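Participant:
Numbering (full-length UniProt numbering), first residue to last: 1 to 161.
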């Protein structure tokens, strides 16, 4: 008698991006996974709010709109590149705290896997700046695969959770 499978199908892969080489590498890997699992990719970019110490409201509005326009263009380019690999891709641009938005979208879209880039900060840099990836790894409702940019052709990826 055959045992029932405990494997979870991967149907939706969330790829948060900040357009860095780390994020680009993660997106490429997600496209490969999507091809293998016939999964859909949900590409997400989060525009961070300005700090509250900025006092000139018009400056904040103008810079915010400029950043949103640039981000939308970069997101469209990233979406088009992923679609060239044959993946079904939906792209979203949102504003907020990155790790909070990533977690919210993971729940809202019923994501099965998050694939994201990380800069791999350690020590004081990690302590002072925090890590979006670290927070996502610890709080996500699904598995998270983090990737750094390749160094010297090496492929370093690690699965968390």
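Even glycine gets a Cβ: it sits at the ideal position worked out from N, Cα and C. These figures come from a predicted structure and were not determined experimentally.
Suppose contacts are defined by Cβ-Cβ distances below 8 Å. Is residue 143 in contact with residue 113 by that definition?
Facilitator: In this structure, residue 113 lies closer than 8 Å to residue 143 by Cβ.
Participant: State the Cα-Cα distance for the pair residue 14 and residue 116, rounded to the nearest angstrom.
Facilitator: Answer to the nearest angstrom: the Cα atoms are 8 Å apart.
Participant: Ordered along the chain, which non-local residues of its own chain (more than five positions away) have a Cβ less than 6 Å from that of residue 85?
Facilitator: These residues qualify, in order along the chain: 31.
Participant: For the region 56–95, list the beta strand (DSSP E) runs that are entirely contained and at least 3 residues long, ordered along the chain.
Facilitator: Within the region 56–95, the complete beta strand (DSSP E) runs of at least 3 residues are 88–95.
Participant: Just list the beta strand (DSSP E) runs in the region 5–40, keeping only unbroken ones of 3 residues or longer that don't cross its boundaries, in chain order.
Facilitator: Runs found: 12–16.
Participant: Between 82, 16, 49, 22, which lies nearest to residue 65 when the distance is taken from Cα to Cα?
Facilitator: Nearest option by C-alpha distance: 49.
Participant: So for residue 144, helix, strand or coil by DSSP?
Facilitator: DSSP places residue 144 in strand when its eight states are reduced to three.
Participant: Got a sec? Which residues, its chain only, sit under 7 Å from residue 82 by beta carbon, not counting five neighbours each side?
Facilitator: 27, 31, 41, 43, 89, listed in sequence order.
Participant: Look at the alpha carbon of residue 94 and the alpha carbon of residue 111, and state the distance between them as a whole number of angstroms.
Facilitator: Spanning the two alpha carbons is a distance of roughly 17 Å.
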